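Scroll down for the structure; my scribbles are underneath it.
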Amino acid sequence: MKITTLKSYEELSSTVANIVERQLKKQPLSKLALPTGSTPRGMYRELIKRELDWSHTITFNLDVYLMNVNHPESYQSYMKKNLFDRTNIYPDHCHFPFRPTSAFEDKIAGSMGIDLCILGIGSNGHIAFNEPGSSFLSRTRVMDLTEQTIVDNSRFFDDVGDVPTQAITMGLGTIMESKKIVLMANGDHKLNILNVAMNGEVTEEVPASVLQNHDSVKVFYCD
Ligand code: PGA
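Residue numbers -11 to 211, in the numbering used here, belong to the letters of the sequence shown in order.
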């Protein structure tokens, strides 16, 4: 699969923001699947600057930690701070995975599916919180986070012991039903896993490799 390398984080952010902007302008009633983490922050900043009309848009976040949603590091707090509170999107249109997870799946299906899914990639090849070994057919479910993910994400918390150990994540099967997928990766520590996932063996040990089976995926990288 083609990996497009961009010159800077700013270019990565504006390139993916352009895709989101085009989607919202072409189809105001779009359903987006959205990521959290450090990589998409610049893209959200770009989108806010552009003052787009989000009033018809419906969002589904890819994953949430199992933790107090009011904690500043919850993904609900992240989305409010980085996007939702700074656009005209309706809070009722913003969905996060919840239990029973089948009801979250029903919500996606009831909205006729995801038009555009933006993904990051973890250093162990996870997409959303589908850790290595996740079934390619998996649906939204509770996931135990791997040691690697907990250590990677400890930079957002005071102590590694404060990192939640479980999350609810959209499944790989759920993600693969998105009409279009964009994966963004930032930093040379992601380059090896990105190459393995996009051009190596398609295996459940590398969850992002499932994207090789999708016919509309764009992959953007900057170091
Ligand atoms: P990051 O996370 O953007 O914070 O590197 C990516 C991910 O784990 O999916």
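Built from N, CA and C at the ideal position, the CB exists for glycine as well.
Being a predicted model, the structure only gives us computed values, none of them experimental.
In chain order, what residues of the same chain lie with their CB nearer than 6 Å to the CB of residue 141, ignoring the 5 residues before and after it?
So the list reads 151, once near-sequence residues are dropped.
Quick check on DSSP: helix, strand or coil for residue -11?
Residue state, collapsed to three classes: coil.
Would you say residue 23 and residue 108 are within 8 Å of each other, going by their C-beta atoms?
Yes; because the gap between Cβ atoms is below 8 Å, this pair is in contact.
Quick one: residues in its chain with C-beta nearer than 6 Å to the C-beta of residue 114, no 5 flanking neighbours on either side, listed in chain order?
Here the set comprises 195.
Taking only three categories from DSSP, how would you classify residue 72?
Three-state DSSP puts residue 72 in a helix.
In chain order, which continuous runs of the alpha helix (DSSP H) of length 4 or greater are located wholly inside the stretch 145 to 184?
Correct list: 160 to 164.
Secondary structure at residue 116, three-state DSSP: helix, strand or coil?
Residue state, collapsed to three classes: coil.
In angstroms, rounded to a whole number, what distance separates the CA positions of residue 26 and residue 98?
Distance between the alpha carbons of residue 26 and residue 98 is about 30 Å.
State the start and end residues of the unbroken alpha helix (DSSP H) segment that holds residue 35.
Counting along the chain, the alpha helix (DSSP H) containing residue 35 begins and ends at 29 to 37.
Could you tell me whether the stretch 82 to 100 touches the stretch 44 to 51, using the rule of 3 or more Cβ pairs below 8 Å?
Cβ pair count under 8 Å is three or more, so yes.
Output yes or no for whether 8 Å exceeds the beta carbon distance between residue 55 and residue 207.
No, Cβ-Cβ distance for residue 55 and residue 207 is not below 8 Å.
Measure the C-alpha to C-alpha separation of residue 222 and residue 200 and round it to an integer number of angstroms.
Examination of residue 222 is not possible in this model, given that the chain is present from -11 through 211 alone.
Closest by CA to residue 52, which one among 18, 116, 137, 30?
The candidate whose alpha carbon is nearest that of residue 52 is 116.
Any idea what DSSP makes of residue 10, helix, strand or coil?
Residue 10 falls in the helix class under three-state DSSP.
Spatial neighbours of residue 122 within its chain, please: CB distance less than 7 Å, with the 5 preceding and 5 following residues excluded, ordered by chain position.
160, 192, 195.
Report yes or no: do three or more beta-carbon pairs, one from the stretch 125 to 144 and one from the stretch 29 to 39, lie closer than 8 Å?
Taking 8 Å as the limit for Cβ pairs, the verdict is that the stretch 29 to 39 does not touch the stretch 125 to 144.
Classify residue 174 as buried or exposed, calling it buried when 16 or more other Cβ atoms lie within 10 Å of its own Cβ.
Result: buried.
Buried or exposed for residue 157, please, with buried defined as at least 16 other CB atoms from any protein chain shown within 10 angstroms of its CB.
So residue 157 ends up on the buried side.
Give the secondary structure of residue 22 by DSSP, where H, G and I count as helix, E and B as strand, and everything else as coil.
Of the three classes helix, strand and coil, the one that applies to residue 22 here is strand, per DSSP.
Could you check if residue 297 is buried or exposed, using at least 16 other CB atoms within 10 Å of its CB as the buried criterion?
Only positions -11 to 211 of the chain appear in this structure, which leaves residue 297 out of reach.
Which partner residues does residue 47 have in the DSSP bridge list?
The partner list for residue 47 (beta bridge, DSSP) reads 20, 82.
Out of 92, 62, 42, which has the shortest C-alpha to C-alpha gap to residue 72?
Of 92, 62, 42, the residue nearest in Cα terms is 42.
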